[in-house]
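Engineer:
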Amino acid sequence: PLQPPTYWKESSRNGTTGHETLPATQEEKQWLQEVMDKTYKKKATRDRKDGGMADRFVVVSALRSEHPELWDKYAKRRREVMAACKSRSGTFIQPKTMEASAGLAGR
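Numbering (this note's numbering), first residue to last: 2 to 108.
#1: Could you give the distance in angstroms between the alpha-carbon of TYR41 and the alpha-carbon of GLN31?
#2: Pop quiz: LYS44 and ASP56 are said to be a contact at Cβ under 8 Å. What is the actual Cβ separation, rounded to whole angstroms?
#3: Taking the alpha-carbon positions, what's the SER102 to THR17 distance?
#4: Anyone know if the C-beta pair for GLU70 and SER13 falls short of 8 Å?
#5: Using beta-carbon positions only, say whether LYS39 and GLU21 come within less than 8 Å of one another.
#6: Quick check on PRO2: buried or exposed, where buried means 16 or more other Cβ atoms within 10 Å of its Cβ?
#7: Looking only at C-alpha atoms, which of GLU81, PRO96, PRO24 and GLU29 sits nearest to ARG108?
As structure tokens, then:
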């Protein structure tokens, strides 16, 4: 695969496996919890206006997908988008989720 993540299993990084789904580590779950906590908005919607609203969501479990073929498609498209952003004038707006967890963003 094209620049696969360093934290992937070696078989996934080398492309010798098709697809693996792995349980998230405790650290990854903490990062996801940070994203949930910093991006959640307690806002009623049409389907919930009569019911109670959650104050917070708690990450109980998460899975990480290591899929070399899909990663290649993602990495190629990411390059295209980065090139398009660099060619435009103006400021790049960073998504809130990137700011929500420094650990996850550092990946």
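Using N, Cα and C, we set each Cβ at its ideal position, and we do this for glycine too.
Structural biologist: In short, the structure shows the following:
#1: Using only the alpha carbons, I get a separation of about 15 Å.
#2: Not a contact, Cβ separation roughly 12 Å.
#3: Taking C-alpha positions only, SER102 is separated from THR17 by approximately 31 Å.
#4: Between GLU70 and SER13, the CB-CB gap reaches or exceeds 8 Å.
#5: Cβ atoms of LYS39 and GLU21: not closer than 8 Å.
#6: Classification of PRO2: buried, given that the 10 Å Cβ count is 16 or more.
#7: Selection GLU81, PRO96, PRO24 and GLU29 evaluated against ARG108 yields GLU29 as nearest (Cα-Cα).
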